[in-house]
């Protein structure tokens with residue numbers, strides 16, 4: 446059985462797919478394979494829904510307009526003293542976080558970050 450293989454690249458504004466070669470067999474080893482492709486924004490997933498078909502899907506990541514830089518901002522300050530402040534006065538002087546402990550804090554709508562996820 447020959448299966449068409451495509452080179453899938455993610456570009457700003459869409460996905461480009463170009464046929465590369467045909468092979469006799471595609472062995473995914475499982476229903477889903479997530480290849481590690483450096484330099485590609487987004488997820489590339491290869492699946493084999495049936496012995497006769499192979500599917501490669503690419504979901505692009507954020508476009509250039511979605512990514513903005515932020516000015517550095519301190520969101521948590523464990524120390525307490527003059528000048529040991531956060532950008533909005535929250536989570537100041539919370540104290541040492543011990544080994545194995547977890548300290549959770551919010552980021553949305555703080556330090557210039559947007560107030561909601563897209």
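Numbering (the working numbering), first residue to last: 446 to 563.
We put the CB at the ideal spot given by N, CA and C, even for glycine.
Report task. Measure the CB-CB distance between residue 538 and residue 555 and report whether it falls below 8 Å. Result -> Not closer than 8 Å, so no.
Requested in this report: Look at the alpha carbon of residue 549 and the alpha carbon of residue 542, and state the distance between them as a whole number of angstroms.
Outcome: In this structure, the CA atom of residue 549 is about 11 Å from the CA atom of residue 542.
Requested in this report: Could you tell me the distance, in whole angstroms, from the CA atom of residue 534 to the CA atom of residue 510?
Outcome: Computed Cα separation, rounded: 30 Å.
Query raised in the report: Leaving out the 5 sequence neighbours to the left and right, which residues in its chain are closer than 7 Å to residue 518 when beta-carbon positions are compared?
Result: Within the same chain, and ignoring the five residues on either side of residue 518 in sequence, the residues whose Cβ sits closer than 7 Å to its Cβ are 532, 556 and 557.
Requested in this report: For residue 522, collect the residues of the same chain with a Cβ closer than 6 Å to its Cβ; drop the 5 residues on either side in sequence, then sort them by chain order.
Outcome: Taking C-beta separations shorter than 6 Å and ignoring five residues to either side along the sequence, the partners of residue 522 in its chain run 529, 531 and 537, following chain order.
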